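Peer 1: In UniProt numbering, the protein residues as written are 1 to 414.
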């Protein structure tokens with residue numbers, strides 16, 4: 001049984017992870033939080049204590065860490081005696097943190113695919129460019145590495161696995177629908193790290209269609225869906241992490257990811273992109289100062305964590321799955337609805353951070369209990385879906401199902 005958790009990162013998602021780890025510290029053991037900015041770590045600890053989140057009395061420690069420094073990360077893992085590392089820092093850190101975990105023999109969990117600062121929308125499958133190169137090493141060394149265990153990727157991967165096991169004999173298509181119908185009241189802001197947010201949308205949009213990779217441009221392909229709670233929404237075909245693993249692991253001919261955007265977001269994004277302000281490549285100012293335009297935009301936009309206090313509305317994220325069951329065509333929507341205000345009341349965070357931060361803690365609990373301690377590198381759809389979704393049901397992210405029988409809570413026994 002693995003115990004003691006090291007959380008790497010100190011943003012909005014890390015805050016949710018810390019609260020949820022605290023709520024289950026009787027099983028997870030000691031908690032440490034590390035980031036380059038130790039004051040942000042301490043602010044998270046103060047939030048956890050103020051909310052009374054600790055299930056049993058314990059100290060949470062804060063550490064200053066540059067997680068790109070593998071040796072420093074290894075030293076901190078050993079110092080804190082952590083056996084589970086939850087990496088919710090920047091996507092640029094993944095390979096460094098993974099290396100530290102492999103070298104120290106501890107479990108590794110993250111919520112997003114690795115990215116290199118100077119590269120955007122690399123050739124599919126994305127996991128094959130970095131993480132999957134360590135499949136054999138993790139297998140040989142008995143290292144549990146669970147990739148992309150946020151909500152999307154993560155929970156939606158588990159929804160896909162559930163659909164395959166419980167609702168279909170054959171799946172023809174999986175369309176992952178991500179809607180944020182909330183309002184933060186700012187002129188313009190992103191719900192998570194602006195740099196990572198914009199990088200998703202400035203390059204090619206890769207989807208898996210007819211068993212092959214298909215390329216489009218952002219905002220080129222649009223659909224409109226009438227979804228539970230949030231109503232009619234415009235969604236756009238977008239490239240995303242889970243498409244790359246589900247297409248490989250579940251043998252489904254069509255896997256696509258769609259995200260909702262308002263006209264205001266699209267207009268601002270288009271202006272920024274056309275002006276070159278979303279470029280990841282450095283430029284020189286007239287004064288000879290070298291800057292990365294995208295990092296400048298990030299610096300002037302609101303910190304996503306600062307959006308939480310005034311955020312209202314709900315999210316709806318799920319898998320619209322089509323295929324056949326008992327020879328008959330079938331369509332099932334497996335989804336979750338989260339509330340921004342409820343997330344803030346519990347964890348001082350907005351709903352986007354909440355949906356991303358609860359799942360890795362559920363996964364950590366399953367690793368601690370041995371149910372998901374795989375001893376190899378896996379994506380979420382390679383693991384049993386039911387224990388994960390059952391854990392989420394009681395941790396604040398319940399699963400619902402909408403099909404020909406109606407709209408209802410998911411029942412593992414049905």
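Glycine included, C-beta positions come from ideal geometry on N, C-alpha and C.
All of these numbers come straight from a predicted model, not from anything done at the bench.
1. Can you have a look at residue 289 and say buried or exposed, based on whether 16 or more other CB atoms are within 10 angstroms of its CB?
2. Along the chain, where does the beta strand (DSSP E) that runs through residue 409 open and close?
3. With a threshold of 16 other CB atoms inside 10 Å of the CB of residue 355, please say whether the residue is buried or exposed.
4. Quick check on residue 78: buried or exposed, where buried means 16 or more other Cβ atoms within 10 Å of its Cβ?
5. What residue from 228, 22, 8, 282 has the CA that sits closest to residue 395's CA?
6. Residue 42: which of 11, 57, 27, 163 sits nearest, CA to CA?
7. Taking the alpha carbon of residue 13 as the reference point, which residue from 182, 240, 191 has its own alpha carbon closest?
8. According to DSSP, simplified to helix, strand and coil, what is residue 329?
9. Using DSSP with H/G/I as helix, E/B as strand and the rest coil, what is residue 322?
10. Please report the distance separating the alpha-carbon of residue 104 from that of residue 131.
11. Count the other C-beta atoms from every protein chain shown that fall within 10 angstroms of the C-beta of residue 114, then say buried if there are 16 or more, exposed otherwise.
12. Quick check on the DSSP output: what are the complete beta strand (DSSP E) runs of length 3 or more inside the UniProt domain "Saccharopine dehydrogenase NADP binding" (5–146), in order along the chain?
13. By a C-beta neighbour count over all protein chains shown, 10 Å radius and 16 as the cutoff for buried, is residue 187 buried or exposed?
14. Compare the beta carbon distance of residue 351 and residue 362 with 7 Å and say whether it is the shorter of the two.
15. Between the C-alpha atoms of residue 29 and residue 4, what's the straight-line distance to the nearest angstrom?
16. Relative to the C-alpha of residue 309, which candidate in 386, 198, 345 has its C-alpha closest?
17. I'd like to check one pair, residue 384 with residue 151: are the Cβ atoms closer than 7 Å?
18. For residue 233, count neighbouring C-beta atoms within 10 Å of its own C-beta (all shown protein chains included) and say buried if the count is 16 or more, exposed if not.
19. Going by beta carbon distance, what residues of the same chain come within less than 7 Å of residue 230, once the five residues before and after it are set aside?
20. Quick check on DSSP: helix, strand or coil for residue 415?
21. Let me know the secondary structure DSSP gives residue 369 once reduced to three states.
22. What ranges does the beta strand (DSSP E) occupy inside the region 186–248, keeping only unbroken runs of at least 3 residues that lie completely in it?
23. With a 10 Å radius around its C-beta and 16 neighbouring C-beta atoms as the bar for buried, classify residue 296 as buried or exposed.
24. Please determine, among 24, 34, 194, 141, the residue with the shortest C-alpha to C-alpha distance to residue 52.
Peer 2: Let me spell this out:
1. The residue you call residue 289 lines up with position 289 of the chain shown. So residue 289 ends up on the exposed side.
2. By one-based count along the chain shown, residue 409 stands at place 409. Unbroken beta strand (DSSP E) run through residue 409: 406–409.
3. By one-based count along the chain shown, residue 355 stands at place 355. When all chains shown are included, residue 355 counts as buried.
4. Residue numbering aside, residue 78 sits at position 78 when the chain shown is read from its first letter. That one is exposed.
5. By 1-based counting over the chain shown, the position of residue 395 is 395. Each of 228, 22, 8, 282 was checked against the Cα of residue 395, and the nearest Cα belongs to 22.
6. Within the chain shown, residue 42 is the residue found at index 42, counting from 1. The closest CA to that of residue 42, considering only 11, 57, 27, 163, is found on 11.
7. Numbered from 1 along the chain shown, position 13 holds the residue referred to as residue 13. Across the set 182, 240, 191, the C-alpha of 191 shows the shortest separation from the C-alpha of residue 13.
8. Position 329 of the chain shown, counted from the first residue, corresponds to residue 329. Strand, per DSSP.
9. Along the chain shown, read from residue 1 onward, the residue named residue 322 stands at position 322. DSSP places residue 322 in strand when its eight states are reduced to three.
10. As a position in the chain shown, residue 104 is number 104, starting the count at 1. As a position in the chain shown, residue 131 is number 131, starting the count at 1. CA-to-CA, the gap between residue 104 and residue 131 works out to about 17 Å.
11. Start at 1 with the first residue of the chain shown, and residue 114 comes out as number 114. Buried, because 16 or more other Cβ atoms sit within 10 Å of the Cβ of residue 114.
12. If we require 3 residues or more, the beta strand (DSSP E) runs fully inside the UniProt domain "Saccharopine dehydrogenase NADP binding" (5–146) come out as 5–8, 31–35, 60–64, 84–87, 107–110.
13. Position 187 of the chain shown, counting from 1, holds the residue named residue 187. By the C-beta density criterion, residue 187 is exposed, having fewer than 16 other C-beta atoms within 10 angstroms.
14. For this step, residue 351 is matched to residue 351 along the chain shown. For this step, residue 362 is matched to residue 362 along the chain shown. Taking 7 Å as the Cβ cut-off, residue 351 and residue 362 do not qualify as a contacting pair.
15. What you label residue 29 is simply residue 29 of the chain shown in a count that begins at 1. What you label residue 4 is simply residue 4 of the chain shown in a count that begins at 1. When only Cα atoms are considered, residue 29 and residue 4 end up about 5 Å apart.
16. As a first step, residue 309 is located in the chain shown; it is residue number 309 there, counting from the start. For the set 386, 198, 345, the Cα lying nearest the Cα of residue 309 is the one of 345.
17. Stepping through the chain shown from its first residue, residue 151 is reached at position 151. Stepping through the chain shown from its first residue, residue 384 is reached at position 384. Cβ distance not < 7 Å, so residue 151 and residue 384 don't count as in contact.
18. In the chain shown, the residue the question calls residue 233 occupies position 233. Residue 233 is classed as buried because its beta carbon has at least 16 other beta carbons within 10 Å across all chains shown.
19. Numbered from 1 along the chain shown, position 230 holds the residue referred to as residue 230. Excluding residues within five positions, the ones whose Cβ falls inside 7 Å are 179, 181, 314, 316.
20. Not covered by the structure: residue 415. The range shown for the chain is 1 to 414.
21. Position 369 of the chain shown, counting from 1, holds the residue named residue 369. In the displayed model, residue 369 falls within a helix according to three-state DSSP.
22. DSSP runs (the beta strand (DSSP E)) wholly in the region 186–248: 204–209, 212–217, 222–227, 231–238.
23. Counted from its first residue, the chain shown places residue 296 at position 296. Sixteen is the threshold: since fewer than 16 other Cβ atoms of the shown chains lie within 10 Å of the Cβ of residue 296, the residue is exposed.
24. Residue numbering aside, residue 52 sits at position 52 when the chain shown is read from its first letter. The residue with the shortest Cα to Cα distance from residue 52 is 24.
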